Ligand SMILES: Cc1ncc(COP(=O)(O)O)c(C=O)c1O
Ligand SMILES: Cc1ncc(COP(=O)(O)O)c(C=O)c1O
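Below, the structure written as structure tokens:
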């Protein structure tokens with residue numbers, strides 16, 4: 066139990082110290098706090114002289130280009146990939162859209178696109194719209210009562226009409242982890258590409274895209290202790306080549322006339338316009354921040370804390386868990402008996418416990434498991450047992466207030 | 066001439082002081098340096114506690130949402146617009162793409178899209194691809210020998226087949242300013258929408274979107290002393306309503322089922338995914354930085370400096386100006402006699418003069434005016450006479466080297 | 002003016018209930034009790050068409066014969082709705098100002114944020130559109 | 002090994018030219034003079050198909066009968082091309098290492114950046130693909 070008392074990580078996050086010490090921030094699934102190190106990296110970059118990247122004919126531009134491309138490498142290695150397989154985007158959502166537009170040519174009339182029932186809207190609506198445009202069919206892997214996907218159903222129903230499988234690695238509303246290696250195998254057996262939304266996974270698991278066996282892996286910087294406005298689309302060698310550009314302009318071009326344009330090489334072809342240079346540098350700095358801690362320890366501290374919270378909540382007579390997945394990562398969804406989740410969140414706020422209520426941008430799942438929505442507690446590297454205890458305390462007080 | 070010696074502004078830019086004092090940064094058209102104030106605003110925001118916006122059930126989220134929406138207001142007012150007419154994008158390029166996709170429904174087979182010959186690739190290729198998809202025709206306003214557009218030609222040839230006119234406010238390769246109010250009138254006479262690429266204008270002119278009379282106005286934060294990864298798409302009331310969402314996911318949605326989705330209200334409908342919160346806040350801080358100086362003075366200081374540079378370059382026997390537009394803003398393109406621009410840029414770099422050579426992402430114009438490319442000198446608020454003098458000095462030294 | 006048949010309390014009576022409240026918890030306790038003062042809305046009216054857009058919790062709003070009926074399944078919102086109704090013996094604009102003022106007085110002002118997903122501002126938007 | 006009929010200097014002669022150079026300006030003066038040592042490439046070969054992708058300035062590259070011809074309209078690149086050719090009396094990989102080493106020695110190392118638009122690395126990529 067000593068690891069629960071671990072306060073090694075929190076000290077690096079200025080927003081959770083000083084004036085904010087009384088706040089239990091349990092909303093990391095929405096966005097994470099940013100460590101000191103990232104802030105000073107951002108500042109230092111701008112102080113040393115900023116420039117646009119790629120057309121490097123002066124020292125600021127050379128420095129910017131080197132820092133930007135080094136960031137690509139750092140981030141690539143963090144997920145077991147090579148720099149040339151990393152496309153910078155503005156976030157997970159843009160990455161999914163780049164894919165849904167860029168892979169449209171793979172999806173013909175009558176083809177299938179498979180999703181799970183627990184997808185975030187960002188990994189659902191782009192595919193839904195693609196299906197609509199191409200007269201393809203959206204197929205859904207249903208979720209079992211406990212919140213795990215029905216793998217048997219998927220195995221049974223997928224056919225070689227399926228061209229794309231798009232699944233989340235970890236559900237943002239209930240924390241369920243999907244068996245990606247298995248899903249990849251199934252997808253590849255029918256010749257489909259598999260897209261994995263890693264937004265909720267990348268900060269909480271040891272990610273190796275090769276072991277996962279997926280074609281594409283996506284995540285956002287702002288859920289990985291980095292700045293907003295930066296995201297990553299990883300694509301395996303062949304898979305990346307398949308993405309046709311759908312956003313045009315700037316450095317993604319090789320030659321332009323009014324009659325036609327030819328595209329640059331990868332990864333640049335898929336990065337239209339001036340990239341978010343400082344976003345990439347900031348995210349790489351966040352990754353370096355994480356890299357300085359032994360991975361196993363970092364993950365096990367978080368897992369112990371999650372188990373602690375889970376145990377306490379499960380035992381609480383007035384708490385109803387929403388979803389009890391076999392493998393859970395970073396997130397617990399629950400409701401308080403006879404209390405609307407929005408009321409709970411309002412009062413939690415009063416008790417300085419920061420968490421979310423609602424459908425968590427996953428309405429279909431929410432409608433299946435808990436139509437009124439739920440309260441979501443989610444962890445970050447800086448989370449501590451005291452945060453959980455504060456939340457538990459708040460739960461008791463909320464229930465008291467509602468007892469009248 | 067006293068205003069030329071003005072060193073009021075530079076002191077606020079850490080990257081141009083201290084170690085870098087010897088560098089003459091004359092590449093602001095590519096990207097601008099960032100003032101101290103913006104750096105501390107970014108740091109302060111993250112230190113005080115960051116969260117995702119919009120679903121504000123705790124104090125970090127409320128603060129983030131307030132800061133983000135206040136940023137929208139600040140930036141709106143800077144260009145004479147209202148907050149609800151501002152869509153945040155990741156940059157000008159993404160803004161043009163949002164438009165080219167979102168206005169596709171206005172362009173039928175055989176319709177025309179008009180551009181000028183001096184468009185940046187980012188305001189060219191998206192329209193070219195739209196024209197291709199919709200079997201429409203791309204029409205080009207040619208550029209006269211001096212680099213101004215041939216307004217007469219445009220007046221004569223535009224017809225009510227034209228649905229969209231997309232023009233740059235200021236050319237990024239030669240600094241030519243377009244007569245936007247006149248172009249807006251012409252476009253509206255035939256019932257077309259007019260899109261204005263303000264990337265090179267917004268830092269250097271007094272922008273009032275109402276006076277310009279355009280339907281859409283776009284720019285990037287990183288050319289306005291703000292961070293990378295943030296841009297703005299302004300749309301007039303009616304015009305904004307016309308843009309159909311083309312990027313899906315997150316807060317742009319009102320309701321989702323697997324069968325269909327309905328969209329949120331404006332501006333959120335066009336902002337898919339977690340927005341670049343820190344980018345918006347940083348850009349608003351840059352705007353506030355500018356707002357503290359009297360506008361007229363700020364612009365006239367820059368204009369005097371540009372005139373000084375222009376005069377010196379015009380008089381230089383070995384300098385050939387590329388483009389001599391009637392109205393010039395912030396940029397001068399030129400070549401050195403018998404010196405390839407890339408050679409010049411390499412040597413300028415040695416003399417600590419930071420400027421660009423090449424086609425400046427505007428190949429069609431480059432091919433017309435100067436097929437081998439050109440050297441581009443561009444100013445920012447921090448530019449001083451000493452920077453120009455250093456460049457002139459470097460020109461003389463380069464010519465000496467090449468004389469052998 | 003709109004009729005509000007779901008409540009019997011007037012604004013004075015409401016503010017009186019908060020008069021002795023010290024800590025925020027007591028204020029919220031009052032607000033939650035206030036929610037119980039809202040007579041139920043006919044269930045047949047709790048349908049999607051009557052729902053206010055932009056609320057995290059469901060809020061229903063129905064105007065018939067100049068009578069306004071509201072409801073929510075979130076109790077804090079329901080308590081706030083009672084205060085909304087109590088303000089509606091005035092033209093909408095004045096009523097909204099009064100409501101804002103009252104919330105400030107009662108120490109519940111942070112429910113007034115103009116954030117898009119703030120149910121309360123969505124409700125006022127909807128009520129204004131009834132004018 | 003590839004033949005390089007456009008130059009007569011060998012690497013030793015080239016480095017000798019830089020031996021007395023102090024300031025960077027003298028080194029660049031030598032580099033610009035070196036460019037003049039490159040015998041012209043047949044104009045009929047200066048066409049788009051022969052152009053190296055990823056260079057800001059045009060660089061042409063033509064291999065015929067194991068003879069390599071190169072040219073550029075930028076003089077600094079042309080000077081560097083002379084050094085490239087002088088290194089090519091070795092297998093490509095060794096030649097590239099030798100070239101990098103030489104540039105370091107001559108104080109021209111910043112032309113070696115791996116930046117995408119760096120003409121020099123594009124040229125080596127192209128030469129390697131000839132192997
Ligand atoms: C006139 C013009 N339009 C568009 C752009 C593209 O801007 P961004 O790269 O920030 O998307 C630029 C900048 O390079 C520009 O100068
Ligand atoms: C599982 C999942 N997918 C996608 C997203 C969208 O990420 P972003 O808003 O950063 O684009 C999120 C975050 O909200 C998420 O949790």
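Chains as they are written, first to last, in my numbering: chain A, 66 to 469; chain B, 66 to 469; chain C, 2 to 132; chain D, 2 to 132.
No residue lacks a Cβ here, since even glycine has one placed at the ideal position from N, Cα and C.
From a predicted model like this one, the values you see are computed outputs, not experimental measurements.
Practice task
Identify the continuous alpha helix (DSSP H) that holds residue 45(D) and give its terminal residues.
Solution key: Unbroken run through residue 45(D): none, as it is neither H nor E.
Exercise for the section: Name, please, each residue of chain B whose Cβ falls closer than 9 Å to the Cβ of residue 25(D). Expected result: Around residue 25(D), the beta-carbon contacts reaching into chain B at under 9 Å are 415.
Problem - C-alpha distance - residue 314(A) paired with residue 336(A), whole-angstrom precision - result: Residue 314(A) and residue 336(A): Cα-Cα distance of roughly 9 Å.
Problem - Beta-carbon neighbours of residue 58(D), restricted to chain B and to distances below 7 Å - result: The contacting residues are 405, 407.
Exercise for the section: May I ask you to list the residues that DSSP assigns as paired with residue 373(A)? Expected result: Answer by DSSP bridge pairing: none, since residue 373(A) is not bridged.
Handout entry: Coil, strand or helix - residue 96(B) by DSSP
Key = DSSP places residue 96(B) in the coil class of the three-state scheme, outside both helix and strand.
Problem - CB contact below 8 Å: residue 77(D) versus chain B - result: Closer than 8 Å: yes.
Practice task
Could you please give me the residues that DSSP links to residue 73(A) through a beta bridge?
Solution key: Note: residue 73(A) is not bridge-paired with any residue in the DSSP secondary-structure output.
Practice task
Output the distance between the C-alpha atoms of residue 18(C) and residue 6(C), rounded to the nearest integer angstrom.
Solution key: A straight-line Cα-Cα distance of about 20 Å links residue 18(C) and residue 6(C).
Exercise for the section: Please confirm whether any heavy atom of ligand 1 lies closer than 7 Å to the CB of residue 426(B). Expected result: Set against 7 Å, the gap from the CB of residue 426(B) to the closest heavy atom of ligand 1 is smaller.
Practice task
Select from 461(B), 316(B), 345(B) the residue whose C-alpha is nearest the C-alpha of residue 287(B).
Solution key: The option with the nearest alpha carbon to residue 287(B) is 345(B).
Exercise for the section: Report yes or no: is there a C-beta of chain A within less than 8 Å of the C-beta of residue 183(B)? Expected result: Judged by the 8 Å Cβ criterion, residue 183(B) is not in contact with chain A.
Exercise for the section: Just the C-alpha distance for residue 37(D) and residue 72(D), rounded to the nearest angstrom, thanks. Expected result: Using only the alpha carbons, I get a separation of about 11 Å.
Problem - Extent of the continuous beta strand (DSSP E) to which residue 416(B) belongs - result: For residue 416(B), no beta strand (DSSP E) segment is defined, and its DSSP state is neither H nor E.
Handout entry: Distance between beta carbons of residue 116(B) and residue 448(A), contact taken as under 8 Å
Key = Going by Cβ atoms, the distance from residue 448(A) to residue 116(B) rounds to 15 Å, so no, they are not a contact pair.
Problem - Span separating the alpha-carbon of residue 99(C) from that of residue 124(C) - result: Roughly 15 Å separates the two Cα atoms.
Exercise for the section: Could you tell me whether the segment 354-369 of chain B touches the segment 174-184 of chain A, using the rule of 3 or more Cβ pairs below 8 Å? Expected result: At 8 Å Cβ cutoff, the stretches do not touch.
Problem - Span of the alpha helix (DSSP H), counted from its first residue to its last, around residue 337(A) - result: From DSSP, residue 337(A) is part of no alpha helix (DSSP H); its letter is neither H nor E.
Handout entry: Within chain A, the residues that residue 113(B) reaches when beta carbons sit closer than 7 Å
Key = Contacts between residue 113(B) and chain A, judged by CB atoms closer than 7 Å, involve 80 in chain order.
Handout entry: Segments of 3+ residues assigned as beta strand (DSSP E) that fall wholly inside the segment 170-211 of chain B
Key = 177-181, 202-206, all fully within the segment 170-211 of chain B.
Problem - Integer Cβ distance of residue 186(B) from residue 374(B), believed to fall under 8 Å - result: The pair is not a contact, with the Cβ atoms about 26 Å apart (cut-off 8 Å).
Handout entry: residue 162(A), enclosing alpha helix (DSSP H) - first and last residue
Key = 157-167 is the span of the alpha helix (DSSP H), which, as asked, contains residue 162(A).
Problem - Near-chain B residues of the segment 423-448 of chain A - C-beta to any C-beta below 7 Å - result: Identification of residues in the segment 423-448 of chain A having a C-beta nearer than 7 Å to some C-beta of chain B yields 423, 426, 428, 429, given in sequence order.
Problem - Straight-line gap, residue 207(A) to residue 432(A) (C-alpha atoms, nearest Å) - result: Near 13 Å, if we compare the C-alpha coordinates of residue 432(A) and residue 207(A).
Practice task
Quick one: give me the first and last residue of the beta strand (DSSP E) that residue 446(B) is part of.
Solution key: No beta strand (DSSP E) contains residue 446(B), which DSSP labels as neither H nor E.
Exercise for the section: For the beta strand (DSSP E) containing residue 124(B), list its first residue and its last residue. Expected result: Run containing residue 124(B): none in the beta strand (DSSP E); it sits in the alpha helix (DSSP H), 124-143.
Practice task
With a threshold of 16 other CB atoms inside 10 Å of the CB of residue 92(B), please say whether the residue is buried or exposed.
Solution key: With 16 or more other Cβ atoms within 10 Å, it is buried.
Problem - Close-in-space but distant-in-sequence residues of the same chain around residue 51(C) (CB under 7 Å, 5 per side omitted) - result: Excluding the 5 residues flanking it on each side, residue 51(C) has same chain C-beta neighbours closer than 7 Å at 61, 62, 63, in chain order.
Handout entry: Simplified DSSP state of residue 91(A), which is helix, strand or coil
Key = Residue 91(A): coil per DSSP, three-state reduction.
Practice task
Output the residues surrounding ligand 2, defined as those with a CB atom closer than 5 Å to any ligand heavy atom, in chain order.
Solution key: Those residues that bring their Cβ nearer than 5 Å to a heavy atom of ligand 2 are 156(A), 157(A), 158(A), 185(A), 187(A), 233(A), 237(A), 262(A), 264(A), 265(A), 285(A), 315(B), 338(B), 339(B).
Exercise for the section: Alpha carbon to alpha carbon, how far is residue 69(C) from residue 131(C)? Give it in angstroms, no decimals. Expected result: In a straight line, the C-alpha of residue 131(C) is about 10 Å away from that of residue 69(C).
Handout entry: Whether residue 246(A) touches residue 277(A) by CB criterion (8 Å)
Key = Yes; because the gap between Cβ atoms is below 8 Å, this pair is in contact.
Handout entry: CA-to-CA distance, residue 342(A) to residue 118(A), given in whole angstroms
Key = Between residue 118(A) and residue 342(A), the C-alpha separation is close to 8 Å.
Practice task
Grab me the residues of residue 327(A)'s own chain with a C-beta within less than 7 Å of its C-beta, minus the 5 sequence neighbours each way, in chain order.
Solution key: The residues are 319, 320.
Exercise for the section: Give a single yes or no on whether residue 287(B) has its beta carbon closer than 7 Å to a heavy atom of ligand 1. Expected result: Yes, ligand 1 has a heavy atom inside 7 Å of this Cβ.
Problem - Burial state of residue 464(B) (16 or more Cβ within 10 Å) - result: Residue 464(B) comes out buried.
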